[in-house]
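> Could you have a look at this structure, given as structure tokens, before my questions?
Number of protein chains: 2
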Amino acid sequence: MTAQRWILTVEYDGAPFAGWQRQEGAVPTVQGALEAAVRAFCGQTAAVHGAGRTDAGVHAAGQVAHVDLARPCAPEEVIGALNAHLRPAPVAVLAAAPAPPDFHARFTRNMKTYRYRILARPAPPALDAGRVWHLRGPLDVGAMRAAAGVLVGHHDFTSFRAAGCQGSGPVRTLDALEVAADGAEVVLTARARSFLHNQVRIIVGTLAKVGRGVWSAGDVARILAARDRTQAGPTAPPQGLTLMEVDYD
Amino acid sequence: MTAQRWILTVEYDGAPFAGWQRQEGAVPTVQGALEAAVRAFCGQTAAVHGAGRTDAGVHAAGQVAHVDLARPCAPEEVIGALNAHLRPAPVAVLAAAPAPPDFHARFTRNMKTYRYRILARPAPPALDAGRVWHLRGPLDVGAMRAAAGVLVGHHDFTSFRAAGCQGSGPVRTLDALEVAADGAEVVLTARARSFLHNQVRIIVGTLAKVGRGVWSAGDVARILAARDRTQAGPTAPPQGLTLMEVDYD
């Protein structure tokens, strides 16, 4: 009997994890938690492959992963059993569906949507602590939106790439980068087929300086053209970032 | 010199608190946390009066309170100092404004808006744990909306009142009760000048049974007319409830 490939939609709170990717030793990771749940459910050791390897502290509302299960079962059984074995870790399998054997969560062509939430007000977050980046001053959302427009498209994003990034080259296509105001929140939404390491968080750290009036859209164009990480803003903290969805072609 | 009355807008995560209202001993309450912050800031013991005395575990995004401060200060100073002294408790003062001496957060005529979030899906909440009531099955939002319509208006709400409620009589006017679907969430919004103890949570517990198909709008009309708490549904858990805003005339 051949194993069935399953595609899983996964939600998690990134706070207690050292990121998505499995690590040596007892380091808690989302992939490790899912693989332990698969082991408890099916008695088999199977790799759970994620679409995006989110960093430590980054959340997901719609991460997608695949896994091959030898045991035949119904989708509701996969969801129920994995969630039961995941408890009390803040990881939930929202959906499970059979997938063709050539489907790969990471390598099958897809579009990822990330959201970054900034809370811009004097008071710290009480209800959204751990879900937003808190900045005390007001932000000029119009200026941030104009500067975001500079970054959309096919560019060499060396200036917006973590020093240790192991991606294949610095060129990526950023399909969308929206900036919206929602009360005291500024919400940034980024869409691309592939992101460089820390790309969204460095973009957010840079646009926050635009929002504060330190830089303009012209400065962001100059930073992009410089192809130099030291020219861009700081890497925004992980807790504001959530992988919202992964859409496959 | 006369003390200045201040009106405060307050956000809090209800989880670590035994509710709004100050209690004897070392019980953590939101009112107690605010009064301790006032003491640390001004060196004075002053009562902080809230618009609504939220129960243990209930959150607020826009609770309103008033307090008399002997020390003259600017609004930004009140906000900054109280938030500094509140740390690390999940309570934040969002706004502070001078108020006339006859303003009273609770007794000045006002309209309160509460929101209740139900997460209706098989998977437990990972990102919104502590913010929603999790129900596994799907809910019929149309049926819930029809039943909600039965409760809007001026009624004797004895069936939707906690046994220990100390409010003045069981008659209240429920100005609005909206039921909206938002993905896997069902969000109920209730507006009234005054609520009975647990009124929103008993209404939600009752409408959840309508959503599951156990009861109809006609059953809810019968329950309302019965004036008997034992006829209504269970009291929905506190973590789904948030006091969203208090509007003064």
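Keeping their order, the protein sequence lines are chains A and B. Just so we're aligned: 19 in the numbering used here is position 19 of the first sequence, and the numbers increase by one with no gaps anywhere. Just so we're aligned: 1057 in the numbering used here is position 57 of the second sequence, and the numbers increase by one with no gaps anywhere. We put the CB at the ideal spot given by N, CA and C, even for glycine.
For a contact defined as C-beta to C-beta under 8 Å, what are the partners of B/Arg1121 on chain A?
Residues of chain A passing the Cβ test: Leu94.
> Since A/Val204 is in the beta strand (DSSP E), which residue starts that stretch and which ends it?
It is not in any beta strand (DSSP E) - A/Val204 instead sits in the alpha helix (DSSP H) that spans Gln199 to Gly211.
> Cα separation between A/Leu8 and A/Ala95?
When rounded, the distance between both Cα atoms is 6 Å.
> Could you tell me which chain A residues have their CB closer than 7 Å to the CB of B/Ile1203, listed as they occur along the chain?
What B/Ile1203 touches in chain A: nothing, since even the nearest Cβ is about 22 Å away.
> Does A/Val38 come out as helix, strand or coil in the three-state DSSP assignment?
Helix at A/Val38.
> Residues of chain A with a CB under 8 Å from the CB of B/His1059: which are they?
Within chain A, the residues near B/His1059 are Leu127.
> Report all residues from its chain with a CB closer than 6 Å to the CB of B/Glu1035; omit the five preceding and five following residues, and keep chain order.
These residues qualify, in order along the chain: Val1048.
> Find out if the Cβ-Cβ distance for the pair B/Val1220, B/Thr1230 is shorter than 9 Å.
Not a contact, by the Cβ cut-off of 9 Å.
> Can you tell me whether B/Thr1002 is buried or exposed? The criterion is at least 16 other CB atoms within 10 Å of its CB, across all chains shown.
Exposed, by the Cβ-count rule.
> Listing by chain order, which chain D residues have their CB less than 7 Å from the CB of B/Tyr1012?
Note that chain D does not occur in the displayed structure, where the protein chains are A and B.
> Which class does B/Asp1219 belong to by DSSP, given the choice of helix, strand or coil?
Note: B/Asp1219 maps to helix in three-state DSSP.
> Which bits of chain B does A/Val141 rub up against, with CB to CB less than 9 Å?
Within 9 Å Cβ-Cβ: nothing; A/Val141 doesn't reach chain B, min ~19 Å.
> Looking at A/Val246: is its Cβ nearer than 9 Å to the Cβ of A/Ala105?
Yes; because the gap between Cβ atoms is below 9 Å, this pair is in contact.
> Take A/Cys165 and list the residues in its own chain whose beta-carbon comes closer than 8 Å to its own, dropping the five residues that flank it on each side.
Within the same chain, A/Cys165 has close Cβ partners Leu196, His197 and Asn198.
> Quick check: is the beta carbon of A/Val132 nearer than 9 Å to any beta carbon in chain B?
By this cut-off, A/Val132 is not an interface position.
> Taking any Cβ of chain B, which residues in the region 65-85 of chain A have a Cβ under 8 Å from it, in chain order?
Against chain B - using a Cβ distance shorter than 8 Å - the residues of the region 65-85 of chain A are Glu76, Ile79, Gly80 and Asn83.
> Can you confirm whether B/Val1091, when its beta carbon is compared against all beta carbons of chain A, has any partner nearer than 9 Å?
For B/Val1091, the answer is yes, since a Cβ of chain A falls inside 9 Å of its Cβ.
> Between the C-alpha atoms of B/Gly1080 and B/Ala1070, what's the straight-line distance to the nearest angstrom?
Computed Cα separation, rounded: 17 Å.
> Can you check whether the C-beta of B/Thr1189 is within less than 9 Å of a C-beta belonging to chain A?
With 9 Å as the cut-off, B/Thr1189 does not count as an interface residue toward chain A.
> Using a Cβ-Cβ distance cut-off of 9 Å, determine whether A/Arg87 contacts chain B.
A/Arg87 counts as touching chain B.
> Per DSSP, B/Trp1133 is paired with what?
DSSP lists B/Ile1118 as partners of B/Trp1133.
> Straight-line CA distance for B/Gly1057 to B/Leu1082?
Approximately 22 Å between the Cα atoms of the pair.
> Are the Cβ atoms of A/Val152 and A/Leu177 separated by less than 9 Å?
A contact, by the Cβ cut-off of 9 Å.
> Cα-Cα, which of A/Tyr116, A/Ala225, A/Arg172 and A/Ala181 is closest to A/Ala236?
That would be A/Tyr116, whose Cα lies nearest to the Cα of A/Ala236.
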